[in-house]
Each structure stands twice: as C-alpha cells, then as structure tokens.
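Reading through the structure tokens given below for one structure.
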Amino acid sequence: MSLLKRLGGSPQPNESTAARQSVAPTLSPAPPPIAEERTTPPTPIAAAPVERLMNGGLAQAVGHTPSVEDAVAADDMQRMLELSLWVVDRIQASLGPQTELKRSAETERMLQERFARVYQQAGVNLQEAQVKHLFTMVCDELMGFGPIQQLLNEDTISEVMVNGPTRIYIEQKGKLRLSNVRFANDEHVLKVIDRIIRPLGRRIDRKWPMVDARLPDGSRVNAIIPPCAIDGSTITIRKFSKNKLKIDDLIRFGSMTPEMGEFLRACVISRLNVVVSGGTGSGKTTLLNVLSNFIPEDERIVTIEDSAELQLAQDHVVRLEAKPAEVDGSGRVSIRDLVINSLRMRPERVVIGECRGGETLDMLQAMNTGHDGSLTTLHANAPRDAIARMETMSMMAGMDMPLKVIREQIASAIDLIVQQTRLDDGQRKVSYITEVQGMEGETVVLQDIFKLELLGKSPDGKIQAELRPTGVRPRFTPRLEAHGFRLPPNIFGAQIPGRR
Ligand SMILES: Nc1ncnc2c1ncn2[C@@H]1O[C@H](COP(=O)(O)OP(=O)(O)OP(=O)(O)O)[C@@H](O)[C@H]1O
Ligand SMILES: [Mg+2]
Numbered sequence: 049m050s051l052l053k054r055l056g057g058s059p060q061p062n063e064s065t066a067a068r069q070s071v072a073p074t075l076s077p078a079p080p081p082i083a084e085e086r087t088t089p090p091t092p093i094a095a096a097p098v099e100r101l102m103n104g105g106l107a108q109a110v111g112h113t114p115s116v117e118d119a120v121a122a123d124d125m126q127r128m129l130e131l132s133l134w135v136v137d138r139i140q141a142s143l144g145p146q147t148e149l150k151r152s153a154e155t156e157r158m159l160q161e162r163f164a165r166v167y168q169q170a171g172v173n174l175q176e177a178q179v180k181h182l183f184t185m186v187c188d189e190l191m192g193f194g195p196i197q198q199l200l201n202e203d204t205i206s207e208v209m210v211n212g213p214t215r216i217y218i219e220q221k222g223k224l225r226l227s228n229v230r231f232a233n234d235e236h237v238l239k240v241i242d243r244i245i246r247p248l249g250r251r252i253d254r255k256w257p258m259v260d261a262r263l264p265d266g267s268r269v270n271a272i273i274p275p276c277a278i279d280g281s282t283i284t285i286r287k288f289s290k291n292k293l294k295i296d297d298l299i300r301f302g303s304m305t306p307e308m309g310e311f312l313r314a315c316v317i318s319r320l321n322v323v324v325s326g327g328t329g330s331g332k333t334t335l336l337n338v339l340s341n342f343i344p345e346d347e348r349i350v351t352i353e354d355s356a357e358l359q360l361a362q363d364h365v366v367r368l369e370a371k372p373a374e375v376d377g378s379g380r381v382s383i384r385d386l387v388i389n390s391l392r393m394r395p396e397r398v399v400i401g402e403c404r405g406g407e408t409l410d411m412l413q414a415m416n417t418g419h420d421g422s423l424t425t426l427h428a429n430a431p432r433d434a435i436a437r438m439e440t441m442s443m444m445a446g447m448d449m450p451l452k453v454i455r456e457q458i459a460s461a462i463d464l465i466v467q468q469t470r471l472d473d474g475q476r477k478v479s480y481i482t483e484v485q486g487m488e489g490e491t492v493v494l495q496d497i498f499k500l501e502l503l504g505k506s507p508d509g510k511i512q513a514e515l516r517p518t519g520v521r522p523r524f525t526p527r528l529e530a531h532g533f534r535l536p537p538n539i540f541g542a543q544i545p546g547r548r
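This note's numbering applies: residue 49 is where the sequence shown begins, and numbers increase by one.
Now the structure itself:
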C-alpha cells in the first residue's frame, strides 16, 4: 500500500518527482545535528515494534534500572526524533518560516500531502504503524509543543516536567514517574519553549533565563534555561484541569470527610476569613476553588491571581490577573497592586490565589477593616508555619511594623487555617482544620478542629490515615449559628465513643 493511501492523502501530479530530484535520498551513517541545514535524512530506524518507538508509552516508575532493551529503544527513538525533525525542517521550508499552523482537519490534510512527499525523499522504509507515528510526531512539532504534546493530550497526567532533553517526568494519578518521552537535544527543548512564549510576547535568553507563561488552554508554564538551569533547559507545566475537582470529588477521594465539607461550607457562607496552607502542588488552589464556590451567588467576588486558575460558578465575579513587566522592565502589576485596587471595587469577597509577599499585610488589613469572608492560599507545611509565613510576608511590605503588631493583625484577621497535604504515596488530603483563636501574650493561639491521623501503610504501599474531629467546638460557633448553621456536636467529635 502506498504511503499516501496509508495516511489518507491524495498524490499531487509531478510533485514527488520534482521533490525527489532536489534531494538525494542517501542515508548518512550518523545524523547531523538538528541545528545544521540538513540535506540528508538521518539514519533509518530498524523495523522495531512501534510500541518501542512510541514516545507516548509511560515508562516504569522512577527508580527503574534501564535494561539493554531500553537502551536500544532509546536509540531507536532518538533516530525517529531526528527523522521527524528532518521532515519538519523540509515541510517548514516548503511552507515559509513565518507560517504558523493552527490545528484543523484542513491543515492536517495539507500536511499529509507534504509529509508523504518528504518521507519519500528520506528513502527510509518504515513499517506502516511507524510511518503513522512519524506523522503524528511531525504534526506535534508543527502544530503543537513537540514531543510533550501527547503528554499534554493525556487527561490523566496533571504535571509535565522536562529536566533537559532526555528526562521528562510526569505526575499521573498523584504519582511522579519518569516518562520515556524525550527531545532530540537541548536545542529542541528551546524550540518548544520559544513556541510557548512567542505568542505571548515574552522572551527568554542568557541574560534573563527564566519565564512564566501559559499554554493556550490555560496550563501554567515555567521555563528556565542555561546558564541558570545547569543540566539543560527545564520546563514545568501544571496542566489546566478542564473539570476542576468539586467538593464531592474531594470527599470521594477521601481528601476530607462529609462533615469537614459541611463545616467548611458553613465557615465560608458565614464570612470567616480562611487561609488554605500547603506545600507545592498539594492541592491549595483546588481547595480554594472548592471553598470559593461556597460563596453565595448574590455576593460580589473579586479574584486576584498570578495566573488565572480559579473557576467560579457564580455569575458576579470580577477576575484580576497580575501582569509581568514589559521587555524594558516597566509596567509590572503585582498581586499587591491588585489587592489594593480591589478594595476600591466594592468587593464583598476578595479571593487571592496565593499570598507570596507584601500583599499579605494589605490582605490582613482589609480583613480587619470590614472585608471579611476573604480567602487565600499560602505556602506552609503546617498551620503554625502558616502563621510564621504570614509574619514574614507581612514584613516584606516594608511598613516597619513591630512583630507583635503584625501577629495581632494575623490573630484578629484570620479565623481558620485549612492545611492541605500531599502524602508520600501521592494522596492529597486536608490534614488540619485549625481555628485561630487569638493572642495569648506574644503567641497566636491555634486550636485544631479536625486532624489527619496517620495509621500506617498497607502492603501495597498506600498510606492509611483517618480524618478525625478533635472533639473541640470552635469558638466562632456563634458566628455560624448567626448564619443559620446549627452543626450537631458529633460533627466535632463529641459523643462519639472511641473518639477523642
Ligand atoms: N484532593 C485532591 N485529590 C486528588 N488530586 C488533587 C487534589 N487536590 C488537587 N489535586 C490535583 O493536584 C494537582 C495540584 O493541585 P493544585 O494546583 O490545586 O495544587 P497547588 O498546591 O495549588 O499547587 P502550586 O503550589 O503549584 O500552586 C492538580 O492536578 C489537582 O487536580
Ligand atoms: Mg496553586
């Protein structure tokens, strides 16, 4: 069967002969580097089972020792990558360097035709499935983000981490794994970074070798290149989940109990100021999103984020996003600027994606001056650390306030800290719901209301843990009652035999 037929394209009269005349399909023993203008295609790939060449198959978990077979597969894959880039170079030359291809059925048909011609020039003889795979790789190069496109397409993958050209990790179902996807070389990684940031007008170079960006679907991207990234250009992508997790999902996954969910809903509706605390990737934004969705429909909400991730179902929402500086260094709009601005927007609720610096003090002051019911996240590993982190971040505002005054601001502004944790086995759970009760001397008094008890590990390595109320009713219970929430005492663990 002809290649064109296999790919579903139709042959163009005279074109293939003309093309074949311009490039001699001789095979070089060692493929030249991608950067060079190649006139010869790379070394052909042996007739290997296509699964071995498939970039997409996910490799064994981290810690897997590569076998001889893996090494052969990696070699085959490298050749396939080289071949795909050789084909891409040719197709791009035929299209003109400035052509931006948008994925559509029509573009794909056009590429099928051009691919078929260039493939013939290559003079390689691949199996049918390999040719199809090569075409997918070429399409991903021309219309997507190269080798990582298939990881981005896969819904069960939540994070893609490119650590140089050959070590690409993924997070799938809460677990980190090394994938067998790879780039041809560092320049190939740079090419993909460039494709991500160019439409946004951002730049990255040796002088300023890092950049934050977003993919068209909203996924959050950070890229950092040499000299700062010592082992090669690095890309970190937090994939945008089209369907953000809902409270029912969190309960179903065992991230919180239905009682905790009910309690948190009451707290948000009753306008408590809530901080979600957690480590990187622990699920802070997801939980903030769930909590924000408890805000009643008739309240005006202003959201402030570095990179818009929140998805609120309410209608009356104003979304603000920070803005990086222009190329000349001017024009930066920080989270802090937005917090200050938001207070002039008659907000009934301010939701701040994450407090990272001086904006913390503005937020605390807003919470203490009538803007209650505000929600935010911050980076800390335990509720007590969250207090320390707020102190440090408030000092970053440069207001020269005594620590005791900052502490008092925290103690009177924040009502609740919800601690989110990613356990070693990948499970994400609410590990504490802690009330901020006030000050005793110089200390902020905290009282846990719910707590995660670690019980051990099952034979399959899954961490066994139970979320339990501590038996203490929060002091702010009257505020919940004033909003019509009469939570039964057993929610807080009272009267439950065997529970503290
Ligand atoms: N309770 C949960 N159970 C399972 N997966 C979760 C849970 N919470 C969040 N996730 C998933 O974990 C990933 C990280 O979540 P999220 O972005 O909310 O974390 P984060 O703490 O805000 O991260 P960062 O520190 O990078 O801002 C996402 O893919 C999300 O869907
Ligand atoms: Mg986040």
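The beta-carbon is built from N, C-alpha and C at its ideal position, and this holds for glycine as well.
Closest Cα partner of GLY327 within the set LEU335, ASN321, LEU320: LEU335
Any non-hydrogen atom of ligand 2 closer than 8 Å to GLU156 Cβ: no
Residues that DSSP places opposite HIS427 in a beta bridge: GLY326
Own chain, CB closer than 6 Å to ASP242, minus 5 neighbours either side, in chain order: none
Short Cβ contact (9 Å threshold) for ARG527 with LEU224: no
Beta-carbon separation (whole angstroms), ALA549 vs VAL350, contact threshold 8 Å: Nothing in the structure corresponds to residue 549, since the chain is present only between 49 and 548.
Close Cβ partners of GLN362 (< 7 Å) along its chain, the five nearest in sequence each way excluded: Closer than 7 Å at the Cβ level, and outside the excluded window around GLN362, lie ILE343, GLU345, ILE349.
GLU369 Cβ short of 8 Å to ligand 2 heavy atom set: no
The segment 399-408 / the segment 434-443 touching (three or more Cβ pairs under 8 Å): yes
As assigned by DSSP and simplified to three states, the class of VAL229: If DSSP states are grouped into helix, strand and coil, VAL229 belongs with coil.
Among PHE311, THR518, GLN168, nearest to ARG138 - alpha-carbon criterion: GLN168
Buried versus exposed, by CB contacts within 10 Å (16 or more), GLY111: Unreliable positioning characterises GLY111 in this predicted model, as indicated by a pLDDT of 39, which lies under 50. The coordinate reading is nonetheless provided below. The residue is exposed, with fewer than 16 neighbouring Cβ atoms inside 10 Å.
Where MET258 sits in the DSSP three-state scheme: strand
For VAL381, the nearest candidate out of LYS371, ASN389, HIS364 (CA to CA): LYS371
Span separating the alpha-carbon of ASP265 from that of SER206: 13 Å
Sufficient close CB pairs (3 or more, under 8 Å) joining the segment 438-454 to the segment 500-515: Cβ pair count under 8 Å is below three, so no.
Three-way DSSP call (helix, strand, coil) for GLN413 in this model: helix
N- and C-terminal bounds of the alpha helix (DSSP H) containing ARG527: 525-530
Buried versus exposed call for TRP256 [16 or more other C-beta atoms within 10 Å across all chains shown]: exposed
Three-state secondary structure assigned by DSSP to GLU439: GLU439 carries a helical assignment under DSSP once its states are collapsed to helix, strand and coil.
Sufficient close CB pairs (3 or more, under 8 Å) joining the segment 419-430 to the segment 303-319: yes
C-beta neighbour in chain B for SER506, strict 9 Å: Annotation note: the requested chain B is absent from the structure, which comprises a single protein chain.
Straight-line gap, ILE283 to ASP203 (C-alpha atoms, nearest Å): 19 Å
Contact shell at 7 Å, judged by CB to any heavy atom of ligand 2, ordered along the chain: LYS332, THR333, GLU357, GLY401, GLU402, THR425
VAL365 versus GLY331 - alpha carbon distance: 22 Å
Assigned secondary structure, ALA141 (DSSP; H/G/I helix, E/B strand, else coil): helix
PRO306 classed as buried or exposed, judged by whether at least 16 other C-beta atoms fall within 10 angstroms: Exposed.
Ligand 1 heavy atom lying under 8 Å from the CB of PHE301: yes
Beta-carbon proximity of LEU312 to ILE481, cut-off 9 Å: yes
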